[in-house]
Amino acid sequence: MSPPAAPAPAPAPAAAFDPETWRAQFPILRTEMHGRPLVYLDSAASTQKPRRVIDRLKSFYERDYANIHRGVYELSQRASALHDEARRKVQRFLGARDWREIVFVRNATEGINLVAWSFLRPKLEPGDEILVTEMEHHANIVPWQIVAGERGARVVAAPITDAGEIDLDALAERITGRTRMLAVAWVSNVLGTVNPVEEIVALARREGVPVLIDAAQAVQHRPVDVAALGCDFLVFSGHKTYGPSGVGVLYGRGELLDAMPPWQGGGDMIEKVSFAGTSFNEIPFRFEAGTPDIAGIVALGEALDFLEELDLARVERHEAALLAGAERALARIPGLRILGAPKERRSALAFTLEGAHPQDIGMLLDLEGIAIRTGHHCAMPLHARFGLSASARMSVGVYTNEADIDALTAGLRRIAAMFQ
Ligand code: PMP
């Protein structure tokens, strides 16, 4: 039932820096769309998968697959050990002190829902407040609204500036004696703003307010160390970190998780069951009812090895330079408006083009093999803040190169000429 005592083996040392070698590891990037080479600029929605993650999924099913934590037979023991090892890899990737602080969920959304239902809901009273910001993804608004609505509590949004940054003074002012939770994105999925989470966590801790960091757009773009950061909870999704869809992670501080009741019942999360009553398993198993996505979890471990080998500090420098180049190139296109101007931008850049609906931009670029996201990107309040209902968004991953940015810039120039 418990992971092996030995820590997961450290990944191989970082290979020599060559982004084109990283890119070559993604088979889908050699495919064509509408007869044109695929230019994939929607990694903020989901990243593509390197060969080794695809191979790990396949080899797991071919050689190692059985249900976990159940069988005494060799194959089940092997699958269980690989699953447990993946948890150790996540622990190391996040810098968590203990593997018990790593809960496997389906995605970042489920991690936030788990905290809303199990941690927050039992404590909420009428008039209580959950503090978020105007730049949050719906996943970091709606779960809080649902539990708040049940308890007569409410969600309060701290304002952001025209530059698309959190106004820290305004955030601090909105922390009151009724604030029961602070939940903030590390990196905005629309503006790409990197929020000062160290300061935000320090503020929350000073005020005695538990804090959740939505790291769905962060952990694949920059190094993370939850123990140093000191946050209470942090979530991310496997499918945005070069792993499979259907797997996500909730990190929670051990003492907090330990005191939380289960939120779903079923197999694996129990200690003893009878019709007189049931006692529950230890963390993290208490929060993992039923058979998980075993192969997905093992392949997520492979994806995190991949990221560690690339070295996230290096990934961050590479991607930040690409985004800055994209910002300069796009800003020169007539009628193009970039949303926000944060000091630090990672992952994504959103824009509008005068006269062209974002939907049209997306469809016309698609004809050239260029994939970007259009719409509200699950951030309606953020768009309302900027007086918009939709925008277009380009986003980068480890495989993005300058040719991708050049193709997008040329495509947008053609569209700008058509609509103006
Ligand atoms: N938070 C942020 C900042 C996101 O970008 C996303 C995905 N777009 C989510 C949460 C939700 O992720 P998922 O759909 O994988 O749960």
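Residue numbers for the sequence shown follow our numbering, so the first one is 1419 and each next one is one higher.
Note that CB positions come from ideal geometry on N, CA and C, so glycine has one too.
Taking the DSSP output, what are the residues bridged to residue i?
i	result
Phe1537	None, per the DSSP bridge assignment.
Glu1762	In DSSP, Glu1762 forms no bridge with anything.
Leu1725	None, per the DSSP bridge assignment.
Glu1547	Arg1572, Thr1597
Leu1668	Val1521, Val1653
Ala1603	Asp1632
Ile1578	Ile1584
Assuming the contact rule is C-beta atoms closer than 8 Å, residue i and residue j should be a hit. Round their C-beta distance to whole Å, please.
i	j	result
His1736	Pro1437	6 Å
Ile1548	Arg1803	Their Cβ separation, rounded to whole angstroms, is 19 Å, which puts Ile1548 and Arg1803 out of contact at 8 Å.
Met1630	Met1599	A small correction: the amino acid at residue 1630 is Leu; Met does not occupy that position in the sequence shown. Confirmed, Cβ separation roughly 7 Å.
Arg1525	Ser1655	Looking at the sequence itself, residue 1525 is Asn, so the reference to Arg does not match. With 8 Å as the limit, Asn1525 and Ser1655 qualify as a contact, their Cβ atoms being about 5 Å apart.
Leu1512	Val1644	5 Å
Glu1710	Phe1522	The amino acid at residue 1710 is misidentified as Glu; the sequence shows Pro. Indeed they touch by this definition, with Cβ atoms about 5 Å apart.
Gly1672	Val1653	Between Val1653 and Gly1672 the Cβ distance is about 16 Å, and since that is not below 8 Å, they are no contact.
Ala1557	Ile1530	6 Å
Ile1823	Ile1779	Wrong, their Cβ atoms sit about 16 Å apart, outside the cutoff.
Thr1551	Ala1581	That belief does not hold up - the Cβ atoms of Thr1551 and Ala1581 are roughly 14 Å apart, past 8 Å.
On a CA-only basis, which of the options is nearest residue i? Give me that one, please.
i	options	result
Glu1554	Val1602, Asn1525, His1487	Val1602
Ile1464	Gly1670, Met1836, Gly1664	Checking the displayed sequence, the identity of residue 1464 turns out to be Ser instead of Ile. The candidate whose alpha carbon is nearest that of Ser1464 is Gly1664.
Met1687	Leu1675, Phe1703, Ala1694, Gly1672	Phe1703
Ile1756	Leu1830, Leu1718, Gly1695, Glu1519	Leu1830
Pro1728	Pro1468, Leu1500, Ala1835, Val1550	Before going further, note that residue 1728 is Leu rather than Pro in the sequence given. Among Pro1468, Leu1500, Ala1835, Val1550, the Cα nearest to that of Leu1728 is on Pro1468.
Glu1583	Val1612, Thr1594, Ala1557	Val1612
Leu1647	Asp1784, Trp1604, Ala1499	Trp1604
Val1508	Ala1789, Val1716, Tyr1491, Pro1680	Val1716
His1657	Arg1506, Ala1738, Ser1498, Thr1527	Thr1527
Return yes when the C-beta of residue i is under 7 Å from any heavy atom of the ligand PMP, and no when it is not.
i	result
His1801	no
Lys1467	no
Thr1551	no
Cys1649	no
His1501	no
Thr1527	yes
Gly1793	no
Gln1495	no
Asn1613	no
Asn1558	yes
Asp1778	no
Ser1655	yes
Lys1541	no
Gly1666	yes
Asp1460	no
Every unbroken alpha helix (DSSP H) within the segment 1671-1701, with a cutoff of 4 residues, ordered by chain
1672-1677
Please list the segments of the alpha helix (DSSP H) lying wholly inside the segment 1449-1528, counting only runs of 4 or more residues, in order along the chain.
1469-1477, 1492-1512
In chain order, which continuous runs of the alpha helix (DSSP H) of length 4 or greater are located wholly inside the segment 1611-1652?
1615-1625, 1644-1647
In chain order, which alpha helix (DSSP H) runs of at least 4 residues are fully inside the segment 1749-1812?
1776-1785, 1798-1803
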